[in-house]
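**Q** Questions regarding the structure given below will be posed in turn.
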Amino acid sequence: MAASTSNERPNPSPFQILKRAIKNDANRYLFACGGSVAIKDLTQSLALRYDTTTAGTTAKLNLPAESTDLDDLIAHCQPATFGYQGKDVLDTSYREAIKMDPDCFSINLSPYDLGCVQAIIQLLRPSTTAVGQKRIRAELYKLNIYSGPSGKFKAHVDTPRGEKQFGCLVICLPCSHQGGSLEVRHLDHKKTFDWASESKTAIQWAAFYSDCEHEVQQVTSGHRVTLTYNLYDVDTSSDSIAPALRVEALWLLKPVSKFLKSELCRVGGLNMCIHLTHAYAHNRKDTTLKLPHTALKGIDSALYEVFTHLGLKVQIRPVLDCRRFIRGECLKGRVERAGGECPCPRCTVLLGDDFHDVTGEKLHQCEEYNDYLEVIQEKFPHKKLKNFVWLNKPVHKECAITAIAYGNEASVKWMYSSAAMVVELPPVENKTEDDDAKKSEGNVHDKKKDGGLGH
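Note that our numbering has the sequence shown beginning at 242, numbered continuously upward.
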């Protein structure tokens, strides 16, 4: 007798397939890359020249170098600090290293000549656009030395140095050392660059997105000498260069195309919302960032390329999460009875008109729900999306609005926003093979399971 199939799970809908594809495809995209160039392959000898304490004089360090060769260079370096809460902090329990600023030294080494920059473009900044091919600029930031037996830098994320900075390049100069591996992390993934074994015979490098957490493990012996470069996007809107990547090669193209033909998209007017996987400085006092698509990283960039290739309207905007104000409640019934609309994430997406700095407001007797709605309306110009689906959960949020409420006691309220990609979907003209998709998905507004529709 044939086994019963009544307990078999139904085939996933195009919507579920696309959600899984976005989650799984994030693992396919590099967040860090690296390489090495053997010393024997260089066309000229390598030398580092640096200022000394004697006015108008310089010293020279030939590379590769043994540990004892670095004594004079080390004597002319300064303790390395790190940024914390807007200040430079010196704490050797967290970071034990020394540094030299770029105006104090020079080296006959270029990341462009080494091939690092071209590799970074191909691996971390690929473009599918024939006009406006992405280019980058590597700007020397610091020389750092981590010395054994205790040199280290615990896990941290770099402070962005400009609106167009997207990453960081670290070049390890040929100086003998043990330990000191570089670990780079994004989401649940880690990539390790261990340069100790070839520290005397090769110039080694690693590049990674600036929002990635990274850590320098303890140097057990010798000196780990590195050059750090900040990586910036360069505007090439007037250039015309062959693209480095074909959209047809992106694995996401198939599930996106199938979803667009599904029953869920048939009526039209549906907005597909995707939280950006990487972090972007979208609410900062020191920036007027208007997040362009050329600044997107990894899977964020791939999704944008796929959607625009399919002729869809794509917006990159801040999305406000007001659960801090309304204590996570869905106030649909109470608010609608008063003639308003519930802005909770289950019912409405508050899509910002543009990116802006963090805003604040002092409120008197801010006790009623409508008082908070007035703050949102004034300080976060937006439009409301009601017919929407979320394809993933937020990864990175930043404070967008703060408010001080004065009642019997003063209290602080705040709301966060995340950068999101919003895609306006056109109606499907013809009936598709997936006639049961609508039934399996349920109502767009009421679906709560799986962190999906309207939530």
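Glycine is no exception: its CB is placed at the ideal position from the N, C-alpha and C atoms.
Please read all numbers here as calculations on a predicted model, not as lab measurements.
#1: Compare the beta carbon distance of proline 343 and leucine 289 with 8 Å and say whether it is the shorter of the two.
#2: Tell me whether glycine 593 is buried or exposed, calling it buried when 16 or more other Cβ atoms sit within 10 Å of its Cβ.
#3: Which of the three DSSP states is assigned to tyrosine 325 in this structure?
#4: Determine the DSSP secondary structure at glutamate 570, reduced to helix, strand or coil.
#5: Starting from the Cα of alanine 661, find the closest Cα among Thr518, Phe548, Lys538, Leu551 and give me that residue.
#6: Starting from cysteine 409 and walking both ways along the beta strand (DSSP E), at which residues does that stretch end?
#7: Valine 398 by DSSP, collapsed to three states: which one?
#8: For glutamine 359, name the three-state secondary structure that DSSP assigns.
#9: What is the DSSP secondary structure of valine 560, reduced to helix, strand or coil?
#10: With 16 as the cutoff for other CB atoms within 10 Å, does tryptophan 655 come out buried or exposed?
#11: Taking 7 Å as the cut-off, is the beta-carbon of alanine 288 closer than that to any non-hydrogen atom of the ligand SAH?
#12: In chain order, what are the residue ranges of uninterrupted alpha helix (DSSP H) at least 4 long that sit wholly in the segment 265–322?
#13: Name, in chain order, the residues that DSSP records as bridge partners for glycine 463.
#14: Taking just the CA atoms, how far does serine 334 sit from phenylalanine 394?
#15: Given a threshold of 16 other Cβ atoms within 10 Å of its Cβ, counted over all protein chains shown, does proline 668 qualify as buried or as exposed?
#16: Within 10 angstroms of the Cβ of proline 415, are there 16 or more other Cβ atoms? Answer buried if so, exposed if not.
#17: Do three or more CB pairs link the segment 319–332 to the segment 442–460 at distances below 8 Å?
#18: Tell me the rounded alpha-carbon separation between histidine 418 and threonine 461.
#19: Run through DSSP, which three-state label would leucine 259 get?
#20: Tell me whether proline 251 is buried or exposed, calling it buried when 16 or more other Cβ atoms sit within 10 Å of its Cβ.
#21: For cysteine 453, collect the residues of the same chain with a Cβ closer than 8 Å to its Cβ; drop the 5 residues on either side in sequence, then sort them by chain order.
#22: Ignore the nearest five residues each way along the sequence and tell me which others in leucine 537's own chain have a CB closer than 7 Å to its CB.
#23: Figure out for me which residue from Leu350, Ala296, Ile557 has the closest Cα to the Cα of isoleucine 280.
#24: Since glycine 510 contacts asparagine 628 with CB under 8 Å, what's their CB separation in whole angstroms?
#25: Confirm, please, whether the CB-CB distance from isoleucine 348 to alanine 448 is below 8 Å.
#26: Just to confirm, is the Cβ distance from cysteine 413 to arginine 465 under 8 Å?
#27: Ordered along the chain, which non-local residues of its own chain (more than five positions away) have a Cβ less than 6 Å from that of leucine 635?
#28: Can you list, in chain order, the residues of its chain whose CB lies under 6 Å from that of serine 422, leaving out five sequence neighbours each side?
#29: Rounding to the nearest angstrom, what Cα-Cα distance links glutamine 359 and valine 278 in this structure?
#30: Judging by CA-CA distance, which residue of Leu561, Asp541, Tyr470, Leu666 is the nearest neighbour of isoleucine 642?
#31: What is the DSSP secondary structure of tyrosine 335, counted as helix, strand or coil?
#32: Taking its Cβ as the centre, do 16 or more other Cβ atoms sit within 10 Å of proline 253, making it buried, or is it exposed?
#33: Strictly by DSSP, which residues pair up with tyrosine 470?
#34: My guess is that alanine 338 and glycine 392 are in contact by the Cβ rule of under 8 Å, so how many angstroms apart are they, rounded?
**A** So, to answer that:
#1: Result no, Cβ atoms of proline 343 and leucine 289 do not sit closer than 8 Å.
#2: buried
#3: strand
#4: Low per-residue confidence applies at glutamate 570: pLDDT is 49, beneath 50, and the placement is therefore not dependable enough to give any value.
#5: Thr518
#6: 406–413
#7: coil
#8: helix
#9: strand
#10: exposed
#11: This structure does not include the ligand SAH; it has no bound ligands of any sort.
#12: Every alpha helix (DSSP H) of 4 residues or more that sits fully in the segment 265–322 is shown, in chain order, as 312–316.
#13: His418
#14: 9 Å
#15: A residue is called buried once 16 or more other Cβ atoms fall within 10 Å of its Cβ, and proline 668, having fewer, is exposed.
#16: Buried, since its Cβ has 16 or more Cβ neighbours within 10 Å.
#17: Not touching, per the Cβ criterion.
#18: 8 Å
#19: helix
#20: Classification for proline 251: exposed.
#21: Correct list, in chain order: Phe272, Ala273, Val398, Val425, Arg426, His427.
#22: Tyr545
#23: Leu350
#24: 5 Å
#25: no
#26: In this structure, arginine 465 lies closer than 8 Å to cysteine 413 by Cβ.
#27: Reading the sequence as shown, one finds proline at residue 635 and not leucine. His516, Ser659, listed in sequence order.
#28: Thr433, Asp435, Gln458
#29: 14 Å
#30: Of the candidates Leu561, Asp541, Tyr470, Leu666, the one whose C-alpha sits nearest the C-alpha of isoleucine 642 is Leu561.
#31: coil
#32: exposed
#33: In the DSSP assignment, tyrosine 470 is bridged to Leu381, Leu410.
#34: The beta carbons of alanine 338 and glycine 392 sit about 6 Å from each other, so the pair counts as a contact at 8 Å.
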